[in-house]
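The opening position of the sequence shown corresponds to residue 8 in our numbering, with each subsequent residue numbered one higher. Below: the structure, in structure tokens.
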Amino acid sequence: MAWRIGVDSGGTFTDVCLFDEDSGKVEIWKVSSTPDDPSRGITTGVVEGLDQVGKTAKDLSFLGHGTTVATNALIELRGVKTGLIVSDGFRDLLEIGRQKRPNLYDMNAEKPEQLVSRDLRREVPERMKYDGTVDVPLDEAALRAELRELAGQDIKSLAVCFLYGFLNTEHEELAKRVIAEELPDVFVSTSHDVAPEFREFERLSTTVVNAYLGPVMQRYIRRLKENLAEIGLEIAPQLTQSNGGVIGFDTAANLPVRTVLSGPSTGVVAAQAIGKMSGFDNIITFDVGGTSSDVALLQNGVCQLTGEADVHGYPIKAPMLDIHTVGAGGGSIAHVDTGGLLKVGPRSAGAHPGPVCYGLGSTEPTVTDANIVLQTLNPVEILGGRMKVRRDLAVESVQRLADKLGLSVMETAQGIISVVTANMAKAIRVISVQRGHDPRDYALMAFGGAGPLHAARLARELDMGKVIVPLTPGTLCALGLLLTDLRADFAISRLLPLDDSALASIDAGFADLTGQAGAWFDAEEISGDRRVMTRTADMRYMGQNYELSVAVPAGPITSETFKALEEGFEAAHRQRFGFVAEGEQIQLVTLRLEAAGVVKKAEFKPQPVEGPDASAAQIDTRDVYMAEAGDFVACAVYARDRLRPGNIIQGPAIVEQMDTTTVILPDMSGTVDTYLNLILEVKA
Numbered sequence: 008m009a010w011r012i013g014v015d016s017g018g019t020f021t022d023v024c025l026f027d028e029d030s031g032k033v034e035i036w037k038v039s040s041t042p043d044d045p046s047r048g049i050t051t052g053v054v055e056g057l058d059q060v061g062k063t064a065k066d067l068s069f070l071g072h073g074t075t076v077a078t079n080a081l082i083e084l085r086g087v088k089t090g091l092i093v094s095d096g097f098r099d100l101l102e103i104g105r106q107k108r109p110n111l112y113d114m115n116a117e118k119p120e121q122l123v124s125r126d127l128r129r130e131v132p133e134r135m136k137y138d139g140t141v142d143v144p145l146d147e148a149a150l151r152a153e154l155r156e157l158a159g160q161d162i163k164s165l166a167v168c169f170l171y172g173f174l175n176t177e178h179e180e181l182a183k184r185v186i187a188e189e190l191p192d193v194f195v196s197t198s199h200d201v202a203p204e205f206r207e208f209e210r211l212s213t214t215v216v217n218a219y220l221g222p223v224m225q226r227y228i229r230r231l232k233e234n235l236a237e238i239g240l241e242i243a244p245q246l247t248q249s250n251g252g253v254i255g256f257d258t259a260a261n262l263p264v265r266t267v268l269s270g271p272s273t274g275v276v277a278a279q280a281i282g283k284m285s286g287f288d289n290i291i292t293f294d295v296g297g298t299s300s301d302v303a304l305l306q307n308g309v310c311q312l313t314g315e316a317d318v319h320g321y322p323i324k325a326p327m328l329d330i331h332t333v334g335a336g337g338g339s340i341a342h343v344d345t346g347g348l349l350k351v352g353p354r355s356a357g358a359h360p361g362p363v364c365y366g367l368g369s370t371e372p373t374v375t376d377a378n379i380v381l382q383t384l385n386p387v388e389i390l391g392g393r394m395k396v397r398r399d400l401a402v403e404s405v406q407r408l409a410d411k412l413g414l415s416v417m418e419t420a421q422g423i424i425s426v427v428t429a430n431m432a433k434a435i436r437v438i439s440v441q442r443g444h445d446p447r448d449y450a451l452m453a454f455g456g457a458g459p460l461h462a463a464r465l466a467r468e469l470d471m472g473k474v475i476v477p478l479t480p481g482t483l484c485a486l487g488l489l490l491t492d493l494r495a496d497f498a499i500s501r502l503l504p505l506d507d508s509a510l511a512s513i514d515a516g517f518a519d520l521t522g523q524a525g526a527w528f529d530a531e532e533i534s535g536d537r538r539v540m541t542r543t544a545d546m547r548y549m550g551q552n553y554e555l556s557v558a559v560p561a562g563p564i565t566s567e568t569f570k571a572l573e574e575g576f577e578a579a580h581r582q583r584f585g586f587v588a589e590g591e592q593i594q595l596v597t598l599r600l601e602a603a604g605v606v607k608k609a610e611f612k613p614q615p616v617e618g619p620d621a622s623a624a625q626i627d628t629r630d631v632y633m634a635e636a637g638d639f640v641a642c643a644v645y646a647r648d649r650l651r652p653g654n655i656i657q658g659p660a661i662v663e664q665m666d667t668t669t670v671i672l673p674d675m676s677g678t679v680d681t682y683l684n685l686i687l688e689v690k691a
């Protein structure tokens with residue numbers, strides 16, 4: 008009997024999901040995270056999780072891990088002292104950027120702190136032309152002189168980014184060799200290795216972030232490998248990337264910038280797999296944690312990749328799932344603004360002291376406190392009884408807010424829920440309505456600790472007809488680690504017109520990417536029968552600033568390929584912007600290749616239908632304040648683990664489980680499908 012395990016390490020809890028390959032059995036576990044050394048919490052979670060099923064690390068056939076180490080180090084500016092080598096004249100590009108203020112009309116807005124101080128940025132004579140030909144050869148002597156000066160600054164990492172280095176890597180490769188001779192103990196990050204694409208500032212920013220985080224990730228991975236080896240792990244563990252795939256620890260240590268969205272990406276991967284199994288092709292994911300809500304749109308079962316994102320103020324060019332985040336979670340603090348209006352977030356109570364109901368000293372009411380007051384959340388205990396809560400303290404905090412607003416306690420608590428629901432709906436409209444998608448054509452998949460708690464009202468706000476609550480929503484990101492493949496993305500910029508004159512260049516570009524993918528396959532020891540490659544191209548009309556991704560048909564690059572690309576681009580442009588610019592020249596910008604090493608995944612077997620009667624799962628009755636009734640309503644409370652396929656629950660009702668609570672509104676019903684998903688729908 009072989010077990011697969013996924014571990015998602017968050018700021019508060021480390022989630023563990025175990026899957027038995029033979030029986031299809033799924034077990035989940037949670038332990039407290041250890042921010043001072045996340046590897047300890049992960050190791051503890053693995054050991055305790057395996058203890059629950061009577062196994063040890065030697066019984067594992069796969070271990071996947073999602074981490075916030077890189078993200079937290081970037082947010083908290085806990086990276087290493089980093090130097091930077093750039094082309095002559097580009098020392099201040101990090102400050103200049105795109106010459107944009109973070110908020111156009113905010114005169115006091117501050118840019119994020121620079122990761123490399125000006126005294127550690129050094130220019131060297133060298134210059135590539137726009138076509139990749141050498142204009143000024145790299146001055147090796149000047150480079151060595153600058154490196155020797157930096158050696159006295161005790162830097163731990165060094166970024167190298169030369170003008171047009173993505174077209175011709177000769178100078179950056181030479182610089183890398185020289186650095187290895189002069190500063191052999193320094194982590195080196197070159198732009199052609201990290202982000203071989205055009206747009207100078209974004210490429211520079213990505214390279215600097217990678218260098219800044221590199222030694223932090225290397226130390227973390229080294230400790231984690233040692234800890235896992237001590238408990239007897241015999242297989243090679245994997246780590247999640249922002250693109251939803253996993254990579255080996257060594258690759259992640261060299262490219263930490265690709266893990267900055269490691270956590271939320273696997274939740275989307277799990278949603279894709281569950282949607283496919285359950286017959287839902289079009290899904291909007293709704294992942295709510297303590298601080299934020301992450302949403303993504305899956306059309307025809309696929310979440311689109313984006314090649315660029317702004318992560319906590321730092322532009323990053325790296326392939327990542329198109330996930331949108333808004334500061335609305337269980338710990339979001341409710342307050343009255345200067346205009347006397349109720350606001351929720353973006354400030355959060357965090358894990359410590361957390362919501363008022365935790366009894367740890369907080370006095371400002373949060374979304375969790377509002378749910379405790381309304382009794383949609385268990386007013387006595389949560390986490391399956393592992394955590395006691397204080398409803399009296401939550402009521403007192405909401406009462407203080409109510410006094411400022413001139414409302415009752417219950418009206419104020421419900422107002423907090425209504426405001427946070429509106430914030431969540433706004434995030435979903437960004438990824439749907441603003442991009443040409445009607446939310447009513449999609450099912451809402453709710454997960455995270457608070458997703459199912461708010462999903463029903465959010466679906467009503469957006470007029471969405473179905474809500475899917477997976478079996479283990481609170482640990483879905485950990486489950487996603489058991490449903491993904493090894494994956495790497497390769498890109499090369501080639502600004503060319505979409506006509507036959509570009510055929511040879513495009514063919515050569517994809518041949519180059521295929522070679523890079525082959526080298527990666529070999530390094531990861533992926534056999535030929537498990538290798539899959541997918542090609543896309545970023546395209547735009549000549550003169551546009553931003554591109555759209557279009558699938559490239561398999562096979563040789565021919566005129567027919569270009570015809571298919573033109574049709575694909577026009578369809579994507581019409582979807583996003585509502586029109587096609589007839590007669591305008593279409594331009595190819597960046598060629599991309601996704602390489603996937605297919606691995607054995609967790610497979611869920613459908614269970615036999617046992618009938619609509621859910622009475623065996625009812626464990627209690629609780630009065631819950633329902634705005635729809637304007638008063639407390641007696642709601643049946645069900646234990647999720649007792650529900651069987653075919654069971655039907657009539658709202659209003661509450662479904663409780665260790666990792667989350669699901670609210671079913673009065674005009675809704677919930678049906679358990681054969682994969683044990685809970686499907687909420689408006690009653691006919």
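The beta carbon of each residue, even a glycine, is placed where N, CA and C say it ideally should be. Treat the numbers as computed from the prediction; the structure is a model and nothing was measured.
DSSP state of residue i mapped onto helix, strand, coil
i       : result
Phe-205 : coil
Leu-127 : helix
Arg-105 : coil
Gln-59  : helix
Ala-77  : helix
Ile-162 : coil
Gly-90  : strand
Gly-255 : strand
Ala-603 : strand
Gln-121 : coil
Beta-carbon proximity of residue i to residue j, cut-off 8 Å
i       : j       : result
Thr-213 : Ile-323 : yes
Val-631 : Asn-654 : no
His-461 : Thr-428 : yes
Gln-614 : Pro-652 : yes
Ala-166 : Thr-89  : yes
Phe-208 : Gly-314 : no
Gly-56  : Ile-12  : yes
Ala-172 : Ser-196 : Here residue 172 is Gly; the residue named in the question, Ala, does not match the sequence. Contact flag unset, no.
Gly-282 : Gly-308 : yes
Beta-bridge partners of residue i, as assigned by DSSP
i       : result
Thr-667 : Gln-664
Asp-317 : Pro-322
Glu-688 : Lys-473 and Ser-676
Arg-11  : Phe-26 and Phe-69
Met-114 : None; Met-114 has no bridge partner.
Trp-36  : Val-23
Cys-168 : Val-93
Thr-628 : Ala-643
Distance between residue j and residue i (C-alpha atoms, nearest Å)
i       : j       : result
Glu-591 : Phe-569 : 15 Å
Leu-685 : Lys-136 : 59 Å
Thr-694 : Ala-643 : Given that the chain is displayed from residue 8 to residue 691, the structure contains no residue 694 and the question cannot be resolved.
Ile-49  : Glu-532 : 26 Å
Leu-390 : Gln-121 : 40 Å
Ile-475 : Leu-451 : 6 Å
Asp-536 : Val-76  : 34 Å
Gly-286 : Val-223 : 42 Å
Ser-500 : Cys-168 : 16 Å
Ala-278 : Gly-31  : 18 Å
Leu-483 : Gly-585 : 35 Å
Ile-435 : Met-665 : 27 Å
Gly-52  : Trp-36  : 7 Å
Leu-408 : Pro-372 : 8 Å
Glu-663 : Pro-673 : 17 Å
Glu-567 : Pro-659 : 57 Å
Ala-485 : Phe-454 : 12 Å
Start-to-end residues for the alpha helix (DSSP H) that takes in residue i
i       : result
Thr-541 : Careful: Thr-541 lies outside any alpha helix (DSSP H), inside the beta strand (DSSP E) at 538-548.
His-331 : Careful: His-331 lies outside any alpha helix (DSSP H), inside the beta strand (DSSP E) at 331-333.
Ser-500 : Ser-500 -> not in any alpha helix (DSSP H); beta strand (DSSP E) instead, spanning 493-504.
Cys-582 : Here residue 582 is Gln; the residue named in the question, Cys, does not match the sequence. Note, Gln-582: alpha helix (DSSP H), 566-584.
Ala-609 : Segment: none, Ala-609 is in no alpha helix (DSSP H) and carries neither H nor E.
Pro-271 : 269-285
Lys-411 : 398-412
Boundaries of the beta strand (DSSP E) in which residue i is found, first to last residue
i       : result
His-342 : 339-343
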